[in-house]
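For reference, the structure is listed below as structure tokens.
Number of protein chains: 2
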Amino acid sequence: MKRNIYIDNMHLDEALRLWERKLSEAGCLNPMVPELISVDDSLNRITAEPVFARLSSPFYNAAAMDGIAVRFQDTIGASETTPVKLELNSQFQWVNTGNVLPPEFNAVIMVEAVQPTDESTVEIIAPVTPWKHVRTIGEDIVTTELILPDGHRIRPIDLGAMLATGLSQLTVRKIPNALVIPTGGELVQPGNSLRPGNIIEFNSRVLAGYLTEWGIHAERSPIVTDDPGTLKKAICAAVAKYDIIIVNAGASAGSKDHTAGVIGDLGEVVLHGVNIRPGKPVVLGIINNKPVIGLPGYTISAVITLNLFVKKLADYLQGIQSPLASSLEATLARPLHSKLGVQEYIRVKLGKSALF
Amino acid sequence: MKRNIYIDNMHLDEALRLWERKLSEAGCLNPMVPELISVDDSLNRITAEPVFARLSSPFYNAAAMDGIAVRFQDTIGASETTPVKLELNSQFQWVNTGNVLPPEFNAVIMVEAVQPTDESTVEIIAPVTPWKHVRTIGEDIVTTELILPDGHRIRPIDLGAMLATGLSQLTVRKIPNALVIPTGGELVQPGNSLRPGNIIEFNSRVLAGYLTEWGIHAERSPIVTDDPGTLKKAICAAVAKYDIIIVNAGASAGSKDHTAGVIGDLGEVVLHGVNIRPGKPVVLGIINNKPVIGLPGYTISAVITLNLFVKKLADYLQGIQSPLASSLEATLARPLHSKLGVQEYIRVKLGKSALF
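Now the structure itself:
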């Protein structure tokens, strides 16, 4: 019975540096190729180049209020005691918010401040300054102005800025895709009957869920049994099609743990085992310049190692830098001792206590 | 030429209270009906009832390490000077992480601490405590335990908790749907040629984008011209099919602003005009117990009023309470004066300055 007892126990920082260097050398950290898509489909996508305005917004002088368009010169001197009468067409025109300001006028008076006297004359009791209540050309954005930088995740308001300045398409990064391969003869799909020793296959769903949250298009493969040949075939097929390949589990040193061996046969095992707990038996590999990561079977170990070794890779592929998880200083309710030389990840419940 | 000059100028707090009360009376704040879906499709959905474990996890005692399953009694007294020999099958069995613990054993010794002496015997140099390195039945979750509360947005890890405890379906709230109706004869769809006075129709994309971010399934209708009859038809059709109807714009008091009139003809105008700036000419209406909201045409006004009068409604329909937007105290770089009695929303650029 073959047992691979010894796996690495590399310090986490060293492991992260090594993994990043190897990924970089293999070209695995290059952002995805750009693709041209419609602005209408671009919510939450990442720009692949800076976006510049094609038109000014507005691209004509527009009334910013409902009321009358006037020449400010005609309103000088208007007051409650000396109201000014204006003639329709020659001295004013009715405008609604957003209407083009007729070229002979240069200001707008709000409808509330206008007193119609008959069908074709109005009275005003205050003067108006030039361009008052007018949205002048380029007030919001001027042609050639930078609207969005490279590597920017598109928000709802950005859709407006692009469309308003005459853009209907833009270049974004392709969405990286990942395959999660669940392995293990003991796995059964949810909803089937169970015997002792069976494990309901849920890890792939959890891992695919996190990848989805990180902007990756994640798919799940059928369950692969503990047979190195079958696993080899599954990984080969995945490497040809996906940007990230996750194998879960078979990452440890048990008699049925073939992930490291198969990765080694097909490409390079960058490292097998880091000094963290849980999560030690992770396998980081590269096959045909594609990252292939073997995660431990215990769910929390798999999630921790996915965060440590795949999240940043997902960022690189998208050309973004996710904000770091927020941190908080707290007092432990009871002492905790970690094994010497092991970096331990402990889940805690946060609470406020009157005692501290 | 018909001009509806006077609109309300209700205080914002009063407007919000009135809107919430009217929506509540019309049943518009009741959460969406539940629907049964597969756990696999439930990421980011909202639970419609508490979720309880159907099975314990694990549902059998399992090895938590690769190594040997033993009886702790057989290991008592083992030390470096007095190693204990164990016989295969009668005193130990090889196990991999996750294997069922054979019922005759009650502890696991890690493979690293086991010295095979021949094919069927091993030596150990330390005793083991009962249930050491064993994941006992229900260690993670016990049958009938609460996994997720009502009104909970499902995270990747929740998929694992549900599937691991034997659930493959759950009851979630239906996703509310909304229709955004862009109105205005001056609107043209993006990508078409433009004349002065045209406005590229982008508001509906921005508004639908925010609704999407808030968990609503948002659709956009074709552009509706400034004709009350056409608008009436469009709103009638929308009220029959959607949970939230947004009309943008025609909300003001200009000669082409028909939103309030049409809502009044078809149902009730709850209010028309609040004392905020920008965003004053908003129309809040209810038709056949469906909220119909007329938003101002100026994009930032539309976004502000959408936030004020629709976001909470979106929460109610989903049975959730979104966290409040984060706030920050800052010093204004120049003085700002708002008109008396007007609550003003000012966009600012936040920066750190050595001066303050």
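So the sequence lines, in the order shown, correspond to chains A and B.
The first sequence: position 130 = 131 (this note's numbering), numbered continuously.
The second sequence: position 313 = 314 (this note's numbering), numbered continuously.
For every residue, glycine included, the Cβ atom is placed at its ideal position computed from N, Cα and C.
This one's a predicted model, so the numbers in the text were calculated from it and none came from an experiment.
{"Check": "Bridge partners - Thr332(A), DSSP secondary structure assignment", "Outcome": "Its beta-bridge partners do not exist; DSSP assigns none."}
{"Check": "Chain-order list of residues whose beta-carbon lies under 7 Å from that of Asn276(A) (same chain, five-residue window excluded)", "Outcome": "Asn10, Met11, His12, Leu13, Gly342, Val343, Gln344"}
{"Check": "Residues of the stretch 159–171 of chain B whose Cβ lies closer than 9 Å to any Cβ of chain A, in chain order", "Outcome": "Asp159, Leu160, Gly161, Ala162, Met163, Leu164, Ala165, Thr166, Gly167, Leu168, Ser169, Gln170"}
{"Check": "Backbone CA spacing between Ala326(B) and Gln92(A) [nearest angstrom]", "Outcome": "48 Å"}
{"Check": "Boundaries (first-last residue) of the beta strand (DSSP E) holding Arg156(A)", "Outcome": "That residue, Arg156(A), is in no beta strand (DSSP E); it is neither H nor E in DSSP."}
{"Check": "Which listed residue (Gly186(B), Arg278(B), Ala252(B)) has its alpha carbon closest to that of Val270(B)", "Outcome": "Ala252(B)"}
{"Check": "Contained alpha helix (DSSP H) runs [length at least 4] in the stretch 170–236 of chain A, N- to C-terminal order", "Outcome": "204–214"}
{"Check": "Chain B contact residues for Ile182(A), given Cβ-Cβ distances below 7 Å", "Outcome": "In chain order: nothing, as chain B lies at least about 16 Å away."}
{"Check": "DSSP state of Val34(B) mapped onto helix, strand, coil", "Outcome": "coil"}
{"Check": "8 Å Cβ cutoff, Arg72(A) in contact with chain B", "Outcome": "no"}
{"Check": "Proximity below 8 Å, CB of Ala213(B) to CB of Leu44(A)", "Outcome": "Note that residue 213(B) is Thr in the sequence shown here, rather than Ala. Against a cut-off of 8 Å, the Cβ pair of Leu44(A) and Thr213(B) comes out as a contact."}
{"Check": "Paired residues, beta bridge with Ala303(A) - DSSP", "Outcome": "In the DSSP output, where bridge partners are listed per residue, Ala303(A) has none listed."}
{"Check": "Endpoints, the alpha helix (DSSP H) within which Glu26(A) is located", "Outcome": "13–26"}
{"Check": "Nearest-angstrom Cβ-Cβ length linking Val1(B) and Ile245(B), presumed shorter than 8 Å", "Outcome": "Because chain B spans 2 through 357 in this model, residue 1(B) falls outside it and cannot be assessed."}
{"Check": "Contact with chain A by Glu214(B), beta-carbon distance below 8 Å", "Outcome": "yes"}
{"Check": "Pro157(A): contacting residues in chain B (beta-carbon distance under 9 Å)", "Outcome": "Arg206, Val207, Leu208, Ala209, Gly210, Tyr211, Leu212, Thr213, Glu214, Val304"}
{"Check": "Residues near Trp215(A) in its chain [Cβ-Cβ closer than 7 Å; skip 5 each side]", "Outcome": "Lys312, Ala315"}
{"Check": "Distance cut-off 7 Å: Pro191(A) Cβ against heavy atoms of the ligand MG", "Outcome": "Within the structure as shown, the ligand MG is missing, as the structure has no ligands at all."}
{"Check": "Among Pro297(B), Arg18(B), Tyr317(B), Ser25(B), the one whose alpha carbon lies nearest that of Ile176(B)", "Outcome": "Tyr317(B)"}
{"Check": "Best match in Lys350(B), Thr145(B), Ser339(B), Gly265(B) for proximity to Pro51(B) [C-alpha to C-alpha]", "Outcome": "Thr145(B)"}
{"Check": "Which listed residue (Pro84(A), Tyr211(A), Leu307(A), Thr48(A)) has its alpha carbon closest to that of Leu37(A)", "Outcome": "Thr48(A)"}
{"Check": "Whole-number beta carbon distance between Gln190(B) and Ile224(B), since they are thought to touch under 8 Å", "Outcome": "7 Å"}
{"Check": "Start and end residues, alpha helix (DSSP H) containing Gln319(A)", "Outcome": "312–319"}
{"Check": "Distance, Val240(B) Cα to Leu19(B) Cα", "Outcome": "21 Å"}
{"Check": "Phe53(A) versus Glu202(B): straight-line alpha-carbon distance, rounded", "Outcome": "19 Å"}
{"Check": "Burial state of Leu285(B), where buried means 16 or more other Cβ atoms lie within 10 Å", "Outcome": "buried"}
{"Check": "Rounded C-alpha distance that separates Tyr346(A) from Ile126(B)", "Outcome": "29 Å"}
{"Check": "N- and C-terminal bounds of the alpha helix (DSSP H) containing Leu168(A)", "Outcome": "Element bounds for Leu168(A): n/a, residue is neither H nor E."}
{"Check": "Contacts that Phe203(B) makes with chain A (C-beta to C-beta distance below 7 Å)", "Outcome": "Leu160, Gly161, Leu164, Ala165"}
{"Check": "Chain B contacts from the stretch 78–101 of chain A (Cβ-Cβ distance under 9 Å)", "Outcome": "Trp95, Val96, Asn97, Thr98, Gly99, Asn100, Val101"}
{"Check": "Close beta carbons around Leu208(B), own chain, < 8 Å, minus the five adjacent residues each side", "Outcome": "Val181, Ala219, Ile247, Asn249, Leu296, Ala303, Val304, Leu307"}
{"Check": "Phe73(B) - DSSP class collapsed to helix/strand/coil", "Outcome": "helix"}
{"Check": "Residue-chain proximity (Thr231(A), chain B), Cβ-Cβ < 8 Å", "Outcome": "no"}
{"Check": "Bridge partner(s) assigned by DSSP for Thr48(A)", "Outcome": "Val173(A)"}
{"Check": "Test item: CB-CB of Met111(A) and Gly167(A) under 8 Å", "Outcome": "no"}
{"Check": "Min CB distance Asn276(A) to chain B below 8 Å", "Outcome": "no"}
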